[in-house]
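One structure below.
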Amino acid sequence: MKATAQTFLRNLALMMLMVVCASTVSAQVTVTGQVLDENNQPVIGASILVKGTSKGAATDVDGRFTVQAPSQESVLKVTFIGYQPQEVPAASAGTIVLKPMAENLDEVVVIGYGSVKKSDATGSVQAIKPDELNKGNRVTAQDALIGKMAGVNVTPGTGAPGTGATIRIRSGSSLSASNDPLIVIDGVPVDNSSIAGSSNLIGSLNPEDIETYTVLKDASATAIYGSRASNGVIVITTKKGTDRVTVNYNANYSLSHAAKTLDVLNAAEFKEFVPTVTGVPSNPDFGTSDTDWQQQVLRTAFGTDQNLSVSGRVGNSAISTPYRVSAGFTDQGGILKTNNYKRYSAGLNLAPSLLDNHLTANLNGKISYEDNHEVSGSVMSSAIDYDPTRAPMTGSATASTDPGLGYFIWTNGGAPMAIQPDNPVATIDLDKRRNKIVRSIGSAALAYKVHGFEDLKLNVNLGYDVLRSKYSEDVPALAGLMYTSNQKDGTGLKYRSTQKKHNYLLDIFANYDHTWHKHTVGLMAGYGWQHFWKKYDYTTHDPSDKELLSPFHSESEYYLLSYYGRVNYSYDNRYLLTFTLRDDASSRFAKGNRWGLFPSVALAWRVSQEEFFKRQSVMSDLKLRLGYGVTGQQDILNDYPYMGTYSYSYDESSYRFGDKWYNMIRPNGYDRDIKWETTRTYNVGLDYGFLHNRIYGSVDYYKRYTKNLLNTINVASGTNFSSVITTNIGKMENEGVEFSVNAVPVRSQDFEWQLGFNFTWNTSKITKLNVIDSQSNYVTTGDISETGKYVQVFMVGKRPYTFYLAQQAYDDNGKPLEGQYVQPDGSVSTTETRVAGDKGALPKSYMGFNTRLSYKNWDLSLSGHGAFGFYVYNYTRANQYKQQVYSDQGYYSNLLKSTRDNGFELQQLYSDIWLEKGDFFRFDNVTLGYNFKKLWQPGTSLRLTVGVTNLCTITGYKGIDPELDNGIDRNVYPRPRTFNLGVNLTF
1319 MKATAQTFLR
1329 NLALMMLMVV
1339 CASTVSAQVT
1349 VTGQVLDENN
1359 QPVIGASILV
1369 KGTSKGAATD
1379 VDGRFTVQAP
1389 SQESVLKVTF
1399 IGYQPQEVPA
1409 ASAGTIVLKP
1419 MAENLDEVVV
1429 IGYGSVKKSD
1439 ATGSVQAIKP
1449 DELNKGNRVT
1459 AQDALIGKMA
1469 GVNVTPGTGA
1479 PGTGATIRIR
1489 SGSSLSASND
1499 PLIVIDGVPV
1509 DNSSIAGSSN
1519 LIGSLNPEDI
1529 ETYTVLKDAS
1539 ATAIYGSRAS
1549 NGVIVITTKK
1559 GTDRVTVNYN
1569 ANYSLSHAAK
1579 TLDVLNAAEF
1589 KEFVPTVTGV
1599 PSNPDFGTSD
1609 TDWQQQVLRT
1619 AFGTDQNLSV
1629 SGRVGNSAIS
1639 TPYRVSAGFT
1649 DQGGILKTNN
1659 YKRYSAGLNL
1669 APSLLDNHLT
1679 ANLNGKISYE
1689 DNHEVSGSVM
1699 SSAIDYDPTR
1709 APMTGSATAS
1719 TDPGLGYFIW
1729 TNGGAPMAIQ
1739 PDNPVATIDL
1749 DKRRNKIVRS
1759 IGSAALAYKV
1769 HGFEDLKLNV
1779 NLGYDVLRSK
1789 YSEDVPALAG
1799 LMYTSNQKDG
1809 TGLKYRSTQK
1819 KHNYLLDIFA
1829 NYDHTWHKHT
1839 VGLMAGYGWQ
1849 HFWKKYDYTT
1859 HDPSDKELLS
1869 PFHSESEYYL
1879 LSYYGRVNYS
1889 YDNRYLLTFT
1899 LRDDASSRFA
1909 KGNRWGLFPS
1919 VALAWRVSQE
1929 EFFKRQSVMS
1939 DLKLRLGYGV
1949 TGQQDILNDY
1959 PYMGTYSYSY
1969 DESSYRFGDK
1979 WYNMIRPNGY
1989 DRDIKWETTR
1999 TYNVGLDYGF
2009 LHNRIYGSVD
2019 YYKRYTKNLL
2029 NTINVASGTN
2039 FSSVITTNIG
2049 KMENEGVEFS
2059 VNAVPVRSQD
2069 FEWQLGFNFT
2079 WNTSKITKLN
2089 VIDSQSNYVT
2099 TGDISETGKY
2109 VQVFMVGKRP
2119 YTFYLAQQAY
2129 DDNGKPLEGQ
2139 YVQPDGSVST
2149 TETRVAGDKG
2159 ALPKSYMGFN
2169 TRLSYKNWDL
2179 SLSGHGAFGF
2189 YVYNYTRANQ
2199 YKQQVYSDQG
2209 YYSNLLKSTR
2219 DNGFELQQLY
2229 SDIWLEKGDF
2239 FRFDNVTLGY
2249 NFKKLWQPGT
2259 SLRLTVGVTN
2269 LCTITGYKGI
2279 DPELDNGIDR
2289 NVYPRPRTFN
2299 LGVNLTF
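For the sequence shown, the working numbering gives the first residue as 1319, with consecutive numbering after it.
Given below as structure tokens:
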């Protein structure tokens, strides 16, 4: 009976289980469908996900799919790279047509005084958003551009935090004038002139506030900014408000250390080698320590970056105002001790809309305070050269009154030597340098869409850029470096400088856009006014405020006036025409030369809109572009180069007449005929896309001709009031090829692999430099000392910054012969004949690379960049020679191990043996991230990341780092390797 009951219960349970399983199976719905693109072509590999479940599928070669859904009420989410995600009910899946995403075809890019869809752009224009998934240790605004665009070469600054990068778009087109691109921040073109005590022109801008970078490269795109667009334009647009209240907090914490140091002799090796060198006393005076001076001045540095923003929208249907408020704090320690950079920033954006969206305003205001504790640029070179047998400190009981203040210095008979290397630890500790910058940039853009004639929009843009900087340097009396500089008698230093700059802007322009049938016309015309003013003062005292040098004061200003216009025409969204014209006047030129006219024209053919193109499915986008334009350059140091100006002498140079001293007035050199430098650019390009833009990119070829180069040259004595003037003389050619490709090789429901690559080839040649050109007629550049020594030249037939050195002679075994050089006729002699060969400091090609692997909530990103075909003059090695270990002054200096093993006995600065290939590829950032996509409600998320910046550099260069803006490796602050931990919270 008991067994029968057990059997009954077992059978009952089995029946219930079968019923449950049957009902579950019966609840499943098989959904089939097809995914097509906008041209009704099948989309291969689209992801189909049943919302609320982990079930999904991918489309086959015909765009078809089959997926199991719980019920007919289920919702399918369809996604594919380059297209807008769609959600459709399972019951009506059928045929699903995807629409292209804005970022591929319909993305709006800013082109100056307006915007245009990317698909309708006729010039070489590229817009990118900062990579939020692989940021690295992004301290300055330029960091986000490194390696990201073809034709844009960004050379990071030194390893000091907050230093600016050197940006070159298509290599630049000038010699003595600026090669920096024009940077426009929220409609305000910023001043490219230097900031006292800072190397970063836009260091005040918080990278976390930036929404997009739009780079205008060819003249058809840049000519609308005519007056300063010869070197390209970078338009920075900052973040705006959102439709709902959103709070974002992100933080980054970092640890940095020197990625590489130079291999120098330790104390034991130094003591062994020094006695073998010619000229060293028989009993060398060694110390008793073993000091690694590089490690004495370097450290592991901590950094943090904290940012908070609140965005949303207030108002009602009558008056709606999106807003964004942000605050940021950056505290980045340098890997050189005492070096520290802090930035406090705040931003506000309001975008009210009134009168039924007919009247809109865009109000931007940003303010920042930078506090930079700097270190002397000579610290690293001193750390390499300083005697390793000496301790940093003497341990003297009377250190506070001793020359050197307790830090080791070289003395002769108890008196400090006037010529000696500076103790790098003493320089770090005693030379206090601080730069404080307050800057505010803002704009107010008003746009009125005329009632009853909505195609016409009237615009007014007001902008400002105001900056105040204070720089100080304090060195106490008796410090060692006060015996080698300043008064050279131990007198302390109290140096103060202040700089004030402002830039005010007014633009008034109108836009008219109208479409009828297959024709679309866009017209723009406007007037611009901009005023630049700067003032600079400095004083030099001792710590007791006794004046050591006469105070210095300078003040200058200049104006720009502009009339500009643009015509855009499109027929059937296939044939596109853009014509621009800008007439600029600069107060830097005399009335007869003040105005410059800068036209441009560009044509484009959207082949992908043709019927014959739509009959194939391999290519999804194809546009051909052709452009020509003229741009101008007037960005020189002197605001009054055409005027006869005068300078007062310092008190130290006054003259005595009778019993009274008089300051003298001397005339400065000038050229009353100086005028605009102009560049003509031809550009041909194509934009392409394959497999529904799963692979897309662009190819461009350009040729530029620059004439009337603004050049600083030597003139014959007596022909002007100065032996050096800035004038128009010379021509230069520049050409290049740019290629970029972005792809998604793999995409599935849970996994995606993205890949991006860009490559640029560029070459330049100076075609004219003087009235009469010859190999002996050149302009020197590339200074390596303050005594007129140089290693580069501008010469006709050569690239800019070509090295000018003597060809080293070698024996049959490949060993360099000291003091022997190959002459132009092939002979070898001791004559140090310098020639300009084909080796220069400018890269012939450069590339960028990025990739990302995503699996569910995980992602791994890697980016890098490289440069090739250029050379570096290794001044650190060139400045060393064996006999420098002992000076006739009586002090000792250390050497690199390479100098001990293979160096010359005497200094040979102009030998090309010091010229090394600089080719490199650097892995910039690698980041591993995890995303919590929904914390407590939709719209809330948390992202955690770990990463490394400056992971490694592949190069054959023997110095610390080959990536330099001038090709000369001298006193370089090493770039750190940085480990990052990031947190990003949104709710």
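Cβ atoms here follow ideal geometry from the backbone N, Cα and C, with glycine treated the same way.
Legend entry - Test item: CB-CB of N2298 and L2269 under 9 Å: no
Inset, instruction - Count the other C-beta atoms from every protein chain shown that fall within 10 angstroms of the C-beta of I2084, then say buried if there are 16 or more, exposed otherwise. - result: buried
Inset, instruction - Determine the burial state of S1686: buried for a count of at least 16 other Cβ atoms within 10 Å of its Cβ, exposed for fewer. - result: buried
Inset, instruction - Tell me the start and end of each unbroken beta strand (DSSP E) in the stretch 2076–2116 that is at least 3 residues and wholly inside, in chain order. - result: 2097–2101 and 2108–2112
Inset, instruction - Starting from T2263, trace the beta strand (DSSP E) both ways and give me its first and last residue. - result: S2259 to T2273
Legend entry - alpha helix (DSSP H) segment containing A1445, residue limits: That residue, A1445, is in no alpha helix (DSSP H); its beta strand (DSSP E) goes V1443 to I1446.
Inset, instruction - Take T1707 as the anchor and find which of G1605, G1630 and F1870 has the nearest alpha-carbon. - result: G1605
Legend entry - Option in V1457, R2065, S2145 and G1798 with minimal Cα separation from L1723: G1798
Inset, instruction - Use the C-beta contact count for V1693: other C-beta atoms within 10 angstroms, 16 or more gives buried, fewer gives exposed. - result: buried
Legend entry - Same chain, Cβ closer than 8 Å to E1356, neighbours up to 5 away in sequence not counted: V1415, L1416, K1417 and P1418
Legend entry - Where the alpha helix (DSSP H) through P1742 begins and ends: P1742 to L1748
Inset, instruction - Run the CB neighbour count on G1482, radius 10 Å, all protein chains shown included, and call it buried at 16 or more, exposed below. - result: buried
Inset, instruction - Check whether the Cβ of N2302 lies closer than 8 Å to any heavy atom of the ligand NAD, and answer yes or no. - result: This structure lacks the ligand NAD, and indeed carries no ligand of any kind.
Legend entry - Spatial distance of T1594 from A1585 (CA atoms): 15 Å
Legend entry - Rounded separation between D1449 and V1396 - CA only: 25 Å
Legend entry - Residue from N2168, V2140 and K2157 whose Cα sits closest to the Cα of E2150: V2140
Inset, instruction - Specify, as a first and last residue, the run of the beta strand (DSSP E) that E1529 falls within. - result: I1528 to L1534
Legend entry - Y2014 and G2007 closer than 9 Å at C-beta: yes
Inset, instruction - Counting only runs of 4+ residues fully inside the stretch 1536–1613, write out the alpha helix (DSSP H) ranges in chain order. - result: 1537–1540 and 1585–1591
Legend entry - Environment of P1599 [buried if 16+ CB atoms lie within 10 Å]: exposed
Inset, instruction - Can you give me the start and stop residues for the beta strand (DSSP E) that K1684 sits inside? - result: L1677 to E1692
Inset, instruction - Below 6 Å CB to CB, which residues in the same chain sit around T1857 once its five sequence neighbours on both sides are set aside? - result: R1814 and P1869
Inset, instruction - In angstroms with no decimal places, state the Cα-to-Cα distance between N2289 and R1900. - result: 43 Å
Legend entry - Between the CA atoms of L2135 and N1422 - distance to the nearest angstrom: Any reading at N1422 must be qualified, since the residue scores a pLDDT of 48, below 50, and its modelled position is unreliable; the value itself is stated next. Cα-Cα distance, rounded: 60 Å.
Legend entry - Pairwise C-alpha distance: L1942 and A1908: 42 Å
Legend entry - Distance between T1609 and P1602 (C-alpha atoms, nearest Å): 18 Å
Legend entry - Identity of the residue in L1616, E1587, G1550 and R1546 nearest A1577 by Cα: L1616
Legend entry - Extent of the continuous beta strand (DSSP E) to which F2239 belongs: F2238 to F2250
Legend entry - Range covered by the beta strand (DSSP E) that runs through Y1876: E1865 to Y1889
Inset, instruction - Rounded to whole angstroms, what's the CA-CA distance from Q1359 to H2183? Just pull it up for me. - result: 37 Å
Inset, instruction - May I ask you to verify whether the stretch 1891–1900 touches the stretch 1966–1976, counting CB pairs closer than 8 Å and requiring at least 3? - result: no
Legend entry - Separation of L1944 from G1883, as counted between CA atoms: 20 Å
Legend entry - Where L1799 falls: helix, strand or coil (DSSP): helix
Inset, instruction - Kindly list the residues whose CB is nearer than 7 Å to the CB of Y1964, restricted to its own chain and excluding five residues on each side of it in sequence; keep chain order. - result: I1983, R1984, P1985 and N1986
Legend entry - Unbroken stretches of the beta strand (DSSP E), 3 residues or longer, contained in the stretch 1900–1950: 1913–1924
Legend entry - Reference A1920, options G1441, E2056 and Q1390, closest by Cα: G1441
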